[in-house]
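Here our numbering = 1-based position in the sequence shown + 5.
All C-beta atoms in this analysis are idealised placements derived from N, C-alpha and C, irrespective of residue type, glycine included.
Please read all numbers here as calculations on a predicted model, not as lab measurements.
Encoded as structure tokens, the structure appears first; notes follow it.
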Amino acid sequence: MGMVGGGPGAMIGDIHRLTAQATGKAKLVCGAFSSDHQKSQQKGKELGLDASRAYGSVEEMIEGELSLPEKERMDFLAITTPNHLHVAAAKLALQSGFHVMCDKPLSINYQEAIDLKQIVDSSNYQFGMTYTYRGYAGVLKIKELIESGKIGDIRKIKVDYTQGWLNELIENDGQKQAKWRTDPKFSGLGGTIADIGTHAFNMAEYLVGAKVAELVADVSILVEGRRIDDDANVLLRYENGVKATLSVGQACAGEQNSFNVKVYGSKGGLHWTNESPKVIAFKSQDSLEEIKIDEFDVDLTEAARLLPDGHDISFLKGFVTLYDRFLDSIQSNSKANMPDIEDGVRGMLFIEKAIESSKNNTYVKL
Ligand SMILES: NC(=O)c1ccc[n+]([C@@H]2O[C@H](COP(=O)([O-])OP(=O)(O)OC[C@H]3O[C@@H](n4cnc5c(N)ncnc54)[C@H](O)[C@@H]3O)[C@@H](O)[C@H]2O)c1
6 MGMVGGGPGA MIGDIHRLTA QATGKAKLVC GAFSSDHQKS QQKGKELGLD
56 ASRAYGSVEE MIEGELSLPE KERMDFLAIT TPNHLHVAAA KLALQSGFHV
106 MCDKPLSINY QEAIDLKQIV DSSNYQFGMT YTYRGYAGVL KIKELIESGK
156 IGDIRKIKVD YTQGWLNELI ENDGQKQAKW RTDPKFSGLG GTIADIGTHA
206 FNMAEYLVGA KVAELVADVS ILVEGRRIDD DANVLLRYEN GVKATLSVGQ
256 ACAGEQNSFN VKVYGSKGGL HWTNESPKVI AFKSQDSLEE IKIDEFDVDL
306 TEAARLLPDG HDISFLKGFV TLYDRFLDSI QSNSKANMPD IEDGVRGMLF
356 IEKAIESSKN NTYVKL
């Protein structure tokens, strides 16, 4: 495993490393952890890497790895930088013969995403995406229950994902994660609609198993002085007639990290929240059933110390599951059952169309 991003003080890079390693199938061997070579070296040293493999840029890293005998090189690149760097790093890695695991959102706009898709589609390398919620045992169980016919034909789905950490203008105080997320140069076209809206949209299409055909959105800035959206409420119409509501916000005071999913079918509904991830409620008109979820055991003690507010061990296990599937797909040279480039492209289309709809006050087609 090689990594770009994940330098000192970063949020998600260490979680990628520790959860990939928790599969027992990968080990970090190199990284371009920061745009500052010294900081990258510092991180490499902390992790016990050979100094020659803590690089100052992703370009340097690819060049350095290619100069090593094939057996010693990294096999795949994990992309954990701010959004504006995802596509360039992914292109370079794929074109140089490395598999890629990329964090979401895929890119900063839709055009970049479809350009990258062409490269992924014509390459022989695996491309996975860490839409983490897709790895939760509870979410995989909901999908299984839907496919087994538990709720009958799906009619409606509600997804809402709210956080409160951007309730004030903390980007002006230099808060690292807020600073780039609220700057279109680094975050891309969308703010909250990209950062957590893409998780919610991905969940909505995954669970229904169909594509959204059109949407109408109200994408707003709730905190005065912010440069990019921090809230969005969206109505979705699927190509198969299913209806949905999607609501996301990062300026929702009091929320840590609350992702709620309700799917309604002709025979009943399934409810799940990441705040109690090991239980799904199945409700019909005259019954309530609690479905308990078994999660696998794995030692994540070190990673657990790095969890952001409102995230628990199931979040880490979501990562472990996605990495496990991704690493198996590399071994078997076959497509993994996990989010891929298509999920990334749909996410970027969602962002662009939601913003367009909100500006024009009208439904738009996807
Ligand atoms: N899947 C999830 O649940 C999840 C959770 C958090 C973040 N993310 C995504 O992960 C990515 C990173 O988010 P974060 O919160 O960890 O950001 P962060 O700001 O905490 O960390 C980003 C890291 O990238 C490094 N970096 C910046 N420019 C670089 C360059 N040119 N070369 C090498 N490294 C560089 C920074 O130094 C920093 O170490 C984002 O795309 C974000 O959307 C996903």
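Could you have a look at residue i and say whether DSSP puts it in helix, strand or coil?
| i | result |
| --- | --- |
| V325 | helix |
| Y60 | coil |
| R373 | Past the boundaries of the shown model lies residue 373; the chain is included only from 6 to 371, so the question cannot be answered. |
| W277 | strand |
| N265 | strand |
| Y141 | coil |
| R231 | coil |
| D299 | coil |
| L82 | strand |
| K216 | coil |
| E375 | Here the chain has residues from 6 to 371 only, and residue 375 is not among them. |
| F38 | coil |
| K122 | helix |
| V221 | strand |
| N365 | helix |
| K161 | strand |
| G7 | strand |
| R186 | helix |
| G69 | helix |
| A237 | strand |
| R351 | helix |
| H316 | coil |
| L305 | coil |
Return yes when the C-beta of residue i is under 7 Å from any heavy atom of ligand 1, and no when it is not.
| i | result |
| --- | --- |
| D200 | yes |
| D108 | yes |
| V376 | Missing from the structure shown is residue 376; the chain here goes from 6 to 371 and no further. |
| L33 | no |
| L90 | yes |
| S62 | yes |
| G49 | no |
| M16 | yes |
| P344 | no |
| F38 | yes |
| Q168 | no |
| T135 | yes |
| K96 | no |
| V372 | Residue 372 cannot be examined here, being either before or after the span of the chain that is shown, 6 to 371. |
| K288 | no |
| K163 | no |
| K322 | no |
| K148 | no |
| T85 | yes |
| Q182 | yes |
| G12 | yes |
| W185 | yes |
Answer with buried or exposed for residue i, where buried requires no fewer than 16 other C-beta atoms within 10 angstroms of its C-beta.
| i | result |
| --- | --- |
| K322 | buried |
| F301 | exposed |
| A31 | buried |
| R310 | exposed |
| K358 | buried |
| T367 | exposed |
| Q131 | buried |
| G179 | exposed |
| K109 | buried |
| D345 | buried |
| A308 | buried |
| Q168 | buried |
| G18 | buried |
| L71 | exposed |
| K50 | exposed |
| N394 | This structure gives no information on residue 394, because the portion of the chain shown stretches from 6 to 371. |
| E294 | exposed |
| E210 | buried |
With distances taken Cα to Cα, identify the nearest neighbour of residue i among the options.
| i | options | result |
| --- | --- | --- |
| L23 | D348, L305, R351 and E357 | L305 |
| S292 | L312, A341, K216 and I156 | I156 |
| N238 | K50, V247, N245 and L227 | L227 |
| A93 | S271, W185, R139 and A118 | A118 |
| E347 | G133, A27 and L99 | G133 |
| I233 | K190, T85 and I84 | K190 |
| D299 | K122, A15 and K146 | K146 |
| S225 | E64, G18, A199 and L73 | A199 |
| V153 | P87, D120, K272 and Y136 | Checking the sequence shown, residue 153 turns out to be Ser, not Val. Of the listed residues, the one whose Cα sits closest to S153 is K272. |
| I318 | V221, A37, E229 and A27 | A27 |
| D80 | L332, V369, A209 and G349 | L332 |
| M353 | S192, A256, L240 and N129 | S192 |
Rounded C-beta distance between residue i and residue j? I'm assuming under 8 Å.
| i | j | result |
| --- | --- | --- |
| V253 | I201 | 5 Å |
| I335 | H91 | No, I335 and H91 are not in contact; Cβ-Cβ is about 19 Å, not under 8 Å. |
| L251 | V164 | 5 Å |
Hey, is residue i's beta-carbon within less than 8 Å of any beta-carbon in chain C?
| i | result |
| --- | --- |
| E75 | Among the chains in the structure shown there is no chain C, since it carries only a single protein chain. |
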